[in-house]
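Q:
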Amino acid sequence: MAIQNLDVIPRFPKRREIQKLSVNTTITLNALPAQSPIPLPTSPSKIMTLSAYSRDLSLWGIPRWPFEPKMERIRTLVLERLGLRADIPCIISFDSRTAFRKIYKIIIYQKIEVQEGREGQKERIYNLSVRYPLQETDETLSDVATMKFARKSGVPAPRVIAWDADRRNRLGFEWILTRRLEGKCLRSEWENLSFGQKEKVVKSIAKYQAKLFATNFDDIGNLFDAQDADDYVTDYRYGDFNTSHQISREVQPFVGRLISIASISEKKSYCSFPNSSSYLEALLIPIWKEILTTLRTSTNEEEIIKAQRLQKLIEKVHVKILQIIPETTVSTVLVHDELSMRNILIDEIGNVIGILGWENAMVMPTWKATQFPQFLTSEYTPQSERVDQEHITGNMDARIEAVRLKRLYDDEMAKRVVAWKEEIILGKTKRELEFACKFSSIESCIKEIEDWVDALETNVPIALVKQ
Numbered sequence: 001m002a003i004q005n006l007d008v009i010p011r012f013p014k015r016r017e018i019q020k021l022s023v024n025t026t027i028t029l030n031a032l033p034a035q036s037p038i039p040l041p042t043s044p045s046k047i048m049t050l051s052a053y054s055r056d057l058s059l060w061g062i063p064r065w066p067f068e069p070k071m072e073r074i075r076t077l078v079l080e081r082l083g084l085r086a087d088i089p090c091i092i093s094f095d096s097r098t099a100f101r102k103i104y105k106i107i108i109y110q111k112i113e114v115q116e117g118r119e120g121q122k123e124r125i126y127n128l129s130v131r132y133p134l135q136e137t138d139e140t141l142s143d144v145a146t147m148k149f150a151r152k153s154g155v156p157a158p159r160v161i162a163w164d165a166d167r168r169n170r171l172g173f174e175w176i177l178t179r180r181l182e183g184k185c186l187r188s189e190w191e192n193l194s195f196g197q198k199e200k201v202v203k204s205i206a207k208y209q210a211k212l213f214a215t216n217f218d219d220i221g222n223l224f225d226a227q228d229a230d231d232y233v234t235d236y237r238y239g240d241f242n243t244s245h246q247i248s249r250e251v252q253p254f255v256g257r258l259i260s261i262a263s264i265s266e267k268k269s270y271c272s273f274p275n276s277s278s279y280l281e282a283l284l285i286p287i288w289k290e291i292l293t294t295l296r297t298s299t300n301e302e303e304i305i306k307a308q309r310l311q312k313l314i315e316k317v318h319v320k321i322l323q324i325i326p327e328t329t330v331s332t333v334l335v336h337d338e339l340s341m342r343n344i345l346i347d348e349i350g351n352v353i354g355i356l357g358w359e360n361a362m363v364m365p366t367w368k369a370t371q372f373p374q375f376l377t378s379e380y381t382p383q384s385e386r387v388d389q390e391h392i393t394g395n396m397d398a399r400i401e402a403v404r405l406k407r408l409y410d411d412e413m414a415k416r417v418v419a420w421k422e423e424i425i426l427g428k429t430k431r432e433l434e435f436a437c438k439f440s441s442i443e444s445c446i447k448e449i450e451d452w453v454d455a456l457e458t459n460v461p462i463a464l465v466k467q
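The numbering of the sequence shown is full-length UniProt numbering, which starts it at 1 and goes up by one.
1. Considering only their Cβ atoms, is the gap separating Gly256 from Phe213 smaller than 8 Å?
2. Starting from Ala369, follow the alpha helix (DSSP H) in both directions and report where the run begins and ends.
3. Can you give me the C-alpha to C-alpha distance between Leu405 and Asp411, rounded to a whole angstrom?
4. Could you compute how far the alpha carbon of Arg64 sits from the alpha carbon of Ser96?
5. In three-state terms, what does DSSP make of Thr178?
6. Quick check: the Cα distance between Lys289 and Asn275, rounded to an integer number of angstroms?
7. Hey, could you find the ends of the beta strand (DSSP E) Gly354 is sitting in?
8. Applying the criterion that 16 or more other CB atoms from any shown protein chain within 10 Å of the CB defines a buried residue, is Leu295 buried or exposed?
9. Give me the DSSP bridge partner(s) of Tyr126.
10. What does DSSP give as the partner residues of Gln115 in its beta bridges?
11. Tell me the DSSP secondary structure of Thr98 in three-state form.
12. Tell me the DSSP secondary structure of Asp225 in three-state form.
13. Under 8 Å, do Ser188 and Asn351 count as touching if we go by C-beta distance?
14. In whole angstroms, give me the CA-to-CA distance for Leu184 and Glu302.
15. Kindly indicate which three-state DSSP category Val202 falls into: helix, strand or coil?
16. In three-state terms, what does DSSP make of Ser278?
17. Can you tell me where the alpha helix (DSSP H) with Ala455 in it begins and where it stops?
18. Which residue comes first and which comes last in the alpha helix (DSSP H) that contains Trp163?
19. If you measure between the beta carbons of Leu134 and Ile74, is that distance less than 8 Å?
20. Roughly how many angstroms separate the alpha carbons of Leu258 and Ser142, rounded to a whole number?
21. Could you tell me how far apart the beta carbons of Glu281 and Ile324 are, in whole angstroms, since I believe they sit closer than 8 Å?
22. Please check the pair Tyr109 and Glu123, which I expect to be a contact at CB under 8 Å, by giving their CB distance rounded to whole angstroms.
23. If you reduce the DSSP assignment to three classes, tell me which class Arg85 lands in.
24. Mapping DSSP to helix, strand and coil, what is Thr328?
25. Pull up the DSSP beta-bridge partners for Gly256, would you.
26. Which two residues bound the contiguous alpha helix (DSSP H) that contains Ile424?
27. To the nearest angstrom, how far is the alpha carbon of Ser58 from that of Tyr132?
28. Are Arg431 and Lys368 touching if we call contact CB-CB under 8 Å?
29. In angstroms, rounded to a whole number, what distance separates the CA positions of Ala157 and Ala307?
30. Note the first and the last residue of the continuous beta strand (DSSP E) segment covering Leu186.
31. Since I believe Thr146 is in contact with Glu174 (beta carbons under 8 Å), could you give me their beta-carbon distance rounded to a whole number of angstroms?
32. With DSSP as the reference, please indicate the residues paired to Leu171 in a beta bridge.
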């Protein structure tokens with residue numbers, strides 16, 4: 001049965017004071033993040049909550065697109081934005097998709113004069129990324145600003161040509177047009193690379209990671225262009241680099257709301273965070289609210305027991321945040337949080353010539369930036385159900401290779417970043433705290449996180465293995 005004594009139902013603990021509060025108080029934090037420079041839209045259709053589209057999700061959270069982008073409309077839109085005639089040869093084909101976006105490959109042939117009196121054709125290849133509008137406007141604006149800033153920092157991100165962050169257009173979706181980065185996906189080529197070529201990939205990624213680490217910000221969140229703050233609703237939602245006013249406005253982007261937090265939090269949490277502790281606390285809020293709901297409404301004794309166990313764990317994790325991370329300002333850098341093999345492009349000899357997936361890039365504390373890129377961690381070990389000796393040997397060889405490449409990565413970063421190894425050591429517990437905040441509600445992780453927190457309390461820390 002549901003708990004009758006409402007006084008024992010938990011509220012998210014206050015900073016510096018873990019206590020039970022009255023049931024009438026709402027779940028909130030004492031240390032609220034600073035407000036973003038971007039004003040919240042006043043129109044109900046533009047409030048940054050999950051849009052009407054998001055209500056039509058499948059069982060696994062994969063969206064059912066209301067309709068398919070029409071090829072003829074894509075053709076008209078692209079030629080118009082590139083300032084080309086409607087009769088220019090243009091080939092459009094579906095390229096790939098993720099859960100919330102579809103990529104179309106666009107080949108345009110333009111006549112050029114190769115010699116006096118002779119004409120030839122010049123081929124230009126683009127990508128059009130069409131976005132499912134889960135969080136309207138924000139994701140597109142941040143993606144554009146991040147790719148522009150990454151290229152300016154010397155990282156091979158796609159070159160943005162044009163975009164539209166308002167889905168009220170002829171296509172019916174938000175979109176970004178970029179020059180296509182030619183290269184082979186690292187995922188499809190990895191097994192064919194020699195160890196020397198794999199070392200070359202690691203060194204290249206370390207070089208670009210060091211460039212991102214050299215960026216300097218003061219808050220935690222996503223990047224936005226400064227002009228997007230001037231008139232958030234209208235003026236700069238329709239962009240084109242061919243226009244002179246944008247070429248002349250090279251200004252430093254600012255850190256706005258953290259989109260990944262905004263997707264799971266209340267509207268008031270749509271902002272940047274001034275320090276690590278407020279960011280980690282925001283990760284705990286949805287879990288805490290779920291506990292509160294269960295204890296208020298559930299009549300299942302097993303569910304209540306699980307919720308009470310999770311409540312104790314969240315309280316312990318929150319105490320560790322308060323003890324370990326001070327309420328001070330934090331130095332932050334741009335972090336690409338999904339440097340997976342599918343987001344890395346290489347040439348025939350193993351040089352990295354492109355990095356994709358910038359929608360997964362955020363401005364985060366330096367302790368977050370010291371983690372290994374994803375292609376050296378979770379993706380590296382071959383996945384298979386085979387258990388024969390050949391597979392076991394291959395698995396072991398892959399693990400040994402991964403260890404060698406991780407050491408190479410750290411050595412390369414240490415050459416480029418002052419006190420890199422010290423940053424790794426200082427940030428270890430903070431990275432583990434982030435893992436605990438993100439995965440405390442996952443049943444398979446609870447016991448491991450409980451053991452880790454208990455070990456911290458005994459001053460005999462253990463590694464949080466799943467990290």
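Where a beta carbon is used, it is the ideal one built from N, C-alpha and C, also for glycine. These figures come from a predicted structure and were not determined experimentally.
A: In short:
1. Here residue 213 corresponds to residue number 213 of the sequence shown, with the count starting at 1. Here residue 256 corresponds to residue number 256 of the sequence shown, with the count starting at 1. No; because the gap between Cβ atoms is not below 8 Å, this pair is not in contact.
2. Reading the sequence shown from its first residue, position 369 is the one you call residue 369. Note, Ala369: alpha helix (DSSP H), Thr366 to Ala369.
3. In the sequence shown, residue 405 corresponds to position 405, counting from 1. In the sequence shown, residue 411 corresponds to position 411, counting from 1. C-alpha separation (whole angstroms): 10 Å.
4. Taking the first residue of the sequence shown as 1, we reach residue 64 at position 64. Taking the first residue of the sequence shown as 1, we reach residue 96 at position 96. The alpha-carbon atoms of Arg64 and Ser96 are separated by roughly 16 Å.
5. In the sequence shown, counting from the first residue as 1, residue 178 sits at position 178. Strand, per DSSP.
6. On the sequence shown, residue 289 is found 289 positions in, with the first residue counted as 1. On the sequence shown, residue 275 is found 275 positions in, with the first residue counted as 1. Cα-Cα distance, rounded: 22 Å.
7. Residue 354 sits at position 354 when you count from the first residue of the sequence shown. Val352 to Ile355 is the span of the beta strand (DSSP E), which, as asked, contains Gly354.
8. The residue labelled residue 295 in the question sits at position 295 within the sequence shown. The residue is buried, with at least 16 neighbouring Cβ atoms inside 10 Å.
9. As a first step, residue 126 must be located in the sequence shown, where it is residue number 126. Ile106 and Arg179.
10. Position 115 of the sequence shown holds residue 115. Note: Gln115 sits in a beta bridge opposite Arg118.
11. Position 98 of the sequence shown, counting from 1, holds the residue named residue 98. In this structure, Thr98 counts as strand in the three-state DSSP scheme.
12. Translated into positions along the sequence shown, residue 225 becomes position 225. Asp225: coil per DSSP, three-state reduction.
13. For this step, residue 188 is matched to residue 188 along the sequence shown. For this step, residue 351 is matched to residue 351 along the sequence shown. It is not a contact, given that the beta carbons lie outside the stated cut-off.
14. If you number the sequence shown from 1, residue 184 lands on position 184. If you number the sequence shown from 1, residue 302 lands on position 302. This sequence places Lys at residue 184; Leu is not what is there. Those two C-alpha atoms are separated by around 51 Å.
15. Taking the sequence shown and counting its residues from 1, one reaches residue 202 at position 202. If DSSP states are grouped into helix, strand and coil, Val202 belongs with the helices.
16. Locating residue 278 in the sequence shown gives position 278, where the first residue counts as 1. Residue state, collapsed to three classes: helix.
17. Here residue 455 refers to the residue found at position 455 of the sequence shown. It spans Glu443 to Glu457 - the alpha helix (DSSP H) in which Ala455 sits, taken as one unbroken run.
18. What you label residue 163 is simply residue 163 of the sequence shown in a count that begins at 1. That residue, Trp163, is in no alpha helix (DSSP H); its beta strand (DSSP E) goes Val160 to Asp164.
19. What you label residue 134 is simply residue 134 of the sequence shown in a count that begins at 1. What you label residue 74 is simply residue 74 of the sequence shown in a count that begins at 1. Going by C-beta atoms, Leu134 is not nearer than 8 Å to Ile74.
20. Locating residue 258 in the sequence shown gives position 258, where the first residue counts as 1. Locating residue 142 in the sequence shown gives position 142, where the first residue counts as 1. Answer to the nearest angstrom: the Cα atoms are 10 Å apart.
21. Residue numbering aside, residue 281 sits at position 281 when the sequence shown is read from its first letter. Residue numbering aside, residue 324 sits at position 324 when the sequence shown is read from its first letter. The Cβ separation is near 13 Å, so there is no contact.
22. The sequence position of residue 109 within the sequence shown is 109, counting from 1. The sequence position of residue 123 within the sequence shown is 123, counting from 1. With a Cβ gap of about 6 Å, Tyr109 and Glu123 count as contacting.
23. Locating residue 85 in the sequence shown gives position 85, where the first residue counts as 1. Coil at Arg85, not helix or strand.
24. The sequence position of residue 328 within the sequence shown is 328, counting from 1. Reduced to three states, the DSSP call for Thr328 is coil.
25. As a first step, residue 256 is located in the sequence shown; it is residue number 256 there, counting from the start. Answer by DSSP bridge pairing, in chain order: Asn222.
26. As a working mapping, residue 424 is identified with position 424 in the sequence shown. Looking at the DSSP string, the run of the alpha helix (DSSP H) that includes Ile424 is Trp420 to Phe439.
27. If you number the sequence shown from 1, residue 58 lands on position 58. If you number the sequence shown from 1, residue 132 lands on position 132. Low local confidence applies: a pLDDT of 49 at Ser58 is under 50, so the model's placement there is unreliable, and no value is given.
28. As a position in the sequence shown, residue 431 is number 431, starting the count at 1. As a position in the sequence shown, residue 368 is number 368, starting the count at 1. The answer is yes: Cβ separation under 8 Å.
29. The sequence position of residue 157 within the sequence shown is 157, counting from 1. The sequence position of residue 307 within the sequence shown is 307, counting from 1. Between Ala157 and Ala307, the C-alpha separation is close to 44 Å.
30. For this step, residue 186 is matched to residue 186 along the sequence shown. It is not in any beta strand (DSSP E) - Leu186 instead sits in the alpha helix (DSSP H) that spans Leu186 to Glu189.
31. Position 174 of the sequence shown holds residue 174. Position 146 of the sequence shown holds residue 146. Contact doesn't hold; Cβ gap of about 15 Å is too wide.
32. Residue 171 sits at position 171 when you count from the first residue of the sequence shown. Answer is none; Leu171 lacks a bridge partner.
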